[in-house]
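A short write-up of the structure that comes next.
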Amino acid sequence: MAVLNAEDVTMPQWFTLNALGLHGPTPAPVLSGLLATNGLDPAAVQDLLTTLEGAGLIEHDGVVSLTTAGTARYAELRDRIDVVTTRIFERFDEARVESARILLQEIAETDPEQLTRHSVQAGRP
């Protein structure tokens, strides 16, 4: 995403800041599980948390939370992303955007294991 590239923020860093910004302090194992869905193994998660902690954006003592600087950084990035997103969605019919949003929300709320089981079963003769 152009905003993240311009701000020298990686996708995993954004995922982490966004998760903490949306949900507040999160137990490290829960956050690690969330980041695993984005392809990060435990070592990569630890490196990511160390980087964010070193930058003063998070505190990590078994529960990961945004610092004051992290909260400000999250809000700044979120606001910039919102501006870009709004500009993009303005190009499309509002009803289509809402239909797409609803579909994506349903997908996001579906248990990945359930999807996998259903897909495997559907492929059987």
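Sequential numbering from 1 applies to the sequence shown in the UniProt record's numbering. Built from N, CA and C at the ideal position, the CB exists for glycine as well. Quick caveat, the model's predicted, so the values are computed rather than measured.
Confirm, please, whether the CB-CB distance from residue 69 to residue 54 is below 8 Å. no
Under the assumption that residue 31 contacts residue 44 (Cβ atoms under 8 Å), give the Cβ distance between them as a whole number of angstroms. Contact flag wrong, Cβ pair sits at about 13 Å.
Pull up the distance between the alpha-carbon of residue 112 and that of residue 73, whole angstroms please. 31 Å
How long is the line joining the alpha carbons of residue 29 and residue 38, rounded to whole angstroms? 15 Å
Under the assumption that residue 77 contacts residue 3 (Cβ atoms under 8 Å), give the Cβ distance between them as a whole number of angstroms. 7 Å
Is it true that the CB of residue 25 sits closer than 8 Å to the CB of residue 130? Residue numbering for the chain in the displayed model covers 1 to 125; residue 130 lies beyond these limits and cannot be assessed.
Distance check for residue 82 and residue 17, CA to CA, integer angstroms please. 15 Å
Between which two residues does the beta strand (DSSP E) carrying residue 20 extend? Not the beta strand (DSSP E): residue 20 falls in the alpha helix (DSSP H), residues 11-23.
Taking the beta strand (DSSP E) that residue 66 belongs to, which residues open and close that run? 63-66
How many angstroms separate the CA atom of residue 91 from the CA atom of residue 46? 40 Å
Can residue 67 and residue 59 be called in contact, C-beta distance under 8 Å? yes
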